[in-house]
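These notes are about the structure you will find just below.
Protein chains in written order, with the numbering used here: chain D, 1 to 762; chain F, 1001 to 1154.
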């Protein structure tokens, strides 16, 4: 490991020069000859019957090439995880983002004007905007065929005997926590271009995070359109931010496809920022009732969690986030008895999706806030209770996760030391410290039938390689990490590695860029393919040298004998020699890596990931008791990442995740009033600016993960998982009030301070 | 009614017919094909469309195109010289300040306007200069580092 030349180095992201020069092509920047512009008409009401749609005036507008409504879609065609979402709505609308009609025109402006000419008559219906209301007896059923507003998803995990453990616990803490809707706010808005060739094969220029699964979805759609056995090619533009927002296929993509099919022209749909806010799917809000217990020594005895999630009007992957919430609920710290149930409930709100952390931030907010409450009851320092219960290597958790490498204890100690925990804690002078830890999947996550990724490598006559990977880059740097791994194995400079990662026509299958899996899974796939090419090179060189392949190595594109330093030959020379000969060959290799992880069984148990990532965040805050404003004085983010393949990119994930987490904790909230988004713009929905950056210190704790490529684990999501509870715990230490409802705004802090002072007076 | 305007764009004089309702961003991206300048919101709140006009960083998405008449305007495409990237662009690359990259051109233009005016800015000056440029990926830390490194290198 110590002799690594490329892996472990701070190598700038390979596509950064294109991006810094302004020549990278995002979906916004791509124009095809004859391209039309599509626009979507959304519902005026969050819940209504559609009585009439009249497109006649819009059709007459010059430049309008097609208008589509529900009847133009195949009958009964539905999208989404539960297939409950028709891309164009016919009889009824269930949310303010419901698509009613769409236009393709020769310019964006004409398309917009055409929308204003479409007349829709509605009969407004009373809406349900609160999941608790939606669960009540007699509440109107939003999806009649479902017969209930509670989704038929059996989220229930039981490990051990929680009731017995309750009886035997010395201390129990119980409370209810809630979280808000937040949205990804990718700087590049959503969009696509759909284009059919003469045989009706589809090319979709896309921002998707799941090219292979999206390809399946669109093949299915073409089948529904009556276009059997057609090809679908997904070409990803440079993606202007993902964070989970592009883990599903969306109505606008199917609408673009329909418009392209009708007009026989390429059709581009690009969201405005306003659409990006109200018509994409946020992180779901949750209500979480939690209780945890411990014995006299502070060892956790049980954890019980009941959760209600506002699903919104339709179902995307957001409804499956309880599967990942189970991960911290069952396995963050050692807790022998666990019970978790979750209900996803239809409302007339926006429907939810994946967002960085996939449920883990909401669950960890409740667990880690409540753990501090338990520590207080047991009169144990919050640092100490975490030390006592910390996860360890070799553990098999109640949900049957096999913990291989685990640096949680080191992370906790790093935070305690760097935060000067002992000095700073418990002083109650308006300043305080808090911490929270995380567990997340770090070695893929078998949420789909396959968790695999393929890689193909071809080598030219001079030792340069093209690497075709299924792994998508959404800015996190998988292009660079994969190139580093290949360069390291082949002993060539990284400049000689070209990564192609955006075209399903040439790139192998991959389940998608999610679950912090790309470095681990795609990295292992690249490693496997590179090893195969390396073996071919060494076999060929061994014949030239008359030396065992195992005695050969490659460095700086030179093959040499480790036994006899006089035996060396440039890599290119060997490649040309085996190519330009009768029966010659050029080197190519492929490898498909699918980690040895497991789908959950019917009880939601099984080793979901091939390894697990850990981390602890520690925060020092100052709270202004007059204004309720929280200032972060110091922020330590310690992460167990296995081996850091690229510390520069890795720190970028921690900084970026950390600040997203701070936004989640202290400010961001989509304000929905009766199903309508009240703050769908950057003025009113404030994401952190540079002025919100606190002093933040990433700490990389390296452990040895045997399954990982060069020992690496995932880091994409963990950076924001424990942020909110760490801050909430620090606020409690500072002023003795606990905010249980995110975000922690000055108003809430002030109200809590006043309530506490009121209590004192009584 | 189209009108003809003349201005200096990336050190070259440009004369072009425009619709008065256009924004400068529309002219740059849709007419002149300079797509390095991005549109992130369209109402001057995210900074992805930042260009430099008469030495100042400006949101081109809310800049009326007729105002460009006679002005000296620089976009991200105007920073590199003879294929060599500007020192700020290099610093952004090397310091890890680029992830998805959508905010990067605007961020670099804001930083350039700052350094042109103030070659040795304080950290507060840097934060002030890029406060209007939103980034969702990086947490800004490496962006600040990149700008600082250029300032220090002068």
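Every residue, glycine too, gets a C-beta built ideally from N, C-alpha and C.
Remember, it's a predicted structure, so these values are computed and weren't measured experimentally.
Status (buried if at least 16 other CB within 10 Å, exposed otherwise) for residue i
i                      : result
residue 283 of chain D : buried
residue 3 of chain D   : exposed
residue 52 of chain D  : exposed
residue 688 of chain D : buried
residue 717 of chain D : buried
residue 450 of chain D : exposed
residue 695 of chain D : exposed
residue 33 of chain D  : exposed
residue 947 of chain F : Look at the range of chain F in this structure, 1001 to 1154, and you will see that residue 947 of chain F is not part of it.
residue 506 of chain D : exposed
residue 56 of chain D  : exposed
residue 776 of chain D : Look at the range of chain D in this structure, 1 to 762, and you will see that residue 776 of chain D is not part of it.
residue 580 of chain D : exposed
Chain F contact residues for residue i, given Cβ-Cβ distances below 8 Å
i                      : result
residue 92 of chain D  : Simply none; closest approach about 32 Å.
residue 289 of chain D : Near residue 289 of chain D there are no residues of chain F at all, since even the closest Cβ is about 32 Å away, more than 8 Å.
residue 681 of chain D : 1041, 1043, 1045
residue 282 of chain D : Within chain F, no residue comes near residue 282 of chain D; the closest Cβ sits about 14 Å away, beyond 8 Å.
residue 17 of chain D  : 1085, 1089, 1093
Residue range of the beta strand (DSSP E) that includes residue i
i                       : result
residue 301 of chain D  : 300–312
residue 570 of chain D  : 568–570
residue 721 of chain D  : From DSSP, residue 721 of chain D is part of no beta strand (DSSP E); its letter is neither H nor E.
residue 548 of chain D  : Premise fails: residue 548 of chain D is in no beta strand (DSSP E) and is neither H nor E.
residue 203 of chain D  : 202–206
residue 1199 of chain F : Chain F is shown only over 1001 to 1154; residue 1199 of chain F falls outside these bounds and no answer can be derived.
residue 346 of chain D  : 337–346
residue 501 of chain D  : It is not in any beta strand (DSSP E) - residue 501 of chain D carries neither H nor E in the DSSP assignment.
Chain-ordered chain F contacts of residue i [CB-CB under 7 Å]
i                      : result
residue 29 of chain D  : 1035
residue 691 of chain D : 1127, 1131
residue 652 of chain D : 1096, 1099, 1138, 1142
residue 12 of chain D  : 1093, 1094, 1096
Partners in chain F for residue i, counting only beta-carbon separations shorter than 9 Å
i                      : result
residue 273 of chain D : 1039, 1040, 1041, 1042, 1043, 1045, 1046
Run of the alpha helix (DSSP H) containing residue i, from where it starts to where it stops
i                      : result
residue 218 of chain D : 211–224
C-alpha distance - residue i paired with residue j, whole-angstrom precision
i                       : j                       : result
residue 1052 of chain F : residue 14 of chain D   : 27 Å
residue 471 of chain D  : residue 501 of chain D  : 6 Å
residue 1074 of chain F : residue 1009 of chain F : 6 Å
residue 287 of chain D  : residue 1092 of chain F : 41 Å
residue 504 of chain D  : residue 204 of chain D  : 10 Å
residue 1116 of chain F : residue 1123 of chain F : 16 Å
residue 98 of chain D   : residue 534 of chain D  : 53 Å
residue 311 of chain D  : residue 278 of chain D  : 15 Å
residue 180 of chain D  : residue 274 of chain D  : 19 Å
residue 446 of chain D  : residue 315 of chain D  : 20 Å
residue 433 of chain D  : residue 423 of chain D  : 10 Å
residue 89 of chain D   : residue 634 of chain D  : 50 Å
residue 1067 of chain F : residue 1007 of chain F : 10 Å
residue 522 of chain D  : residue 280 of chain D  : 28 Å
residue 21 of chain D   : residue 1107 of chain F : 12 Å
residue 394 of chain D  : residue 333 of chain D  : 13 Å
residue 54 of chain D   : residue 68 of chain D   : 11 Å
residue 91 of chain D   : residue 589 of chain D  : 53 Å
Any non-hydrogen atom of the ligand PLP within 8 Å of residue i CB
i                      : result
residue 342 of chain D : Summarising the ligand content, the structure contains no ligands, and the ligand PLP is consequently not present.
Proximal residues of chain D, C-beta to C-beta of residue i below 7 Å
i                       : result
residue 1077 of chain F : 22
residue 1134 of chain F : 187, 682, 687, 689
residue 1105 of chain F : 22
Residues that residue i contacts on chain D, provided the C-beta gap is smaller than 8 Å
i                       : result
residue 1080 of chain F : 21
task: Would you be able to state if there are at least three C-beta pairs under 8 Å between the stretch 676–690 of chain D and the stretch 605–622 of chain D?
output: no
- request: Determine contact between the stretch 654–674 of chain D and the stretch 1021–1034 of chain F, defined as no fewer than three beta-carbon pairs at a distance below 8 Å.
  value: No, the stretch 654–674 of chain D does not touch the stretch 1021–1034 of chain F.
- prompt: Does the stretch 106–119 of chain D touch the stretch 52–72 of chain D, meaning 3 or more C-beta pairs lie closer than 8 Å?
  reply: Between the stretch 52–72 of chain D and the stretch 106–119 of chain D, the count of Cβ pairs shorter than 8 Å is three or higher; the stretches touch.
task: Spell out a yes or no on whether the stretch 208–224 of chain D and the stretch 392–410 of chain D are touching, meaning 3 or more CB-CB pairs, one atom from each, closer than 8 Å.
output: no
message: I want to know whether the stretch 487–505 of chain D touches the stretch 412–424 of chain D - three or more CB-CB distances under 8 Å.
response: no
- request: Pair every Cβ in the stretch 1030–1038 of chain F with every Cβ in the stretch 23–30 of chain D, then say whether three or more of these pairs are closer than 8 Å.
  value: yes
query: Given 8 Å as the limit, is there contact between the stretch 240–256 of chain D and the stretch 214–230 of chain D, that is, 3 or more CB pairs closer than that?
result: yes
query: Is the stretch 699–716 of chain D close to the stretch 593–612 of chain D, with three or more CB pairs under 8 Å?
result: In short, these stretches touch, since the Cβ pair count reaches three.
- prompt: Quick check: the stretch 1093–1102 of chain F against the stretch 233–246 of chain D, are there 3 or more CB pairs under 8 Å?
  reply: yes
Stretch-stretch touch, CB-based, cutoff 8 Å, three pairs: the stretch 359–369 of chain D with the stretch 189–207 of chain D: no
- request: Check whether the stretch 624–632 of chain D touches the stretch 739–754 of chain D, counting contact only when three or more Cβ pairs, one atom from each stretch, lie closer than 8 Å.
  value: With a cut-off of 8 Å on Cβ pairs, the stretch 624–632 of chain D is in contact with the stretch 739–754 of chain D, counting three or more such pairs.
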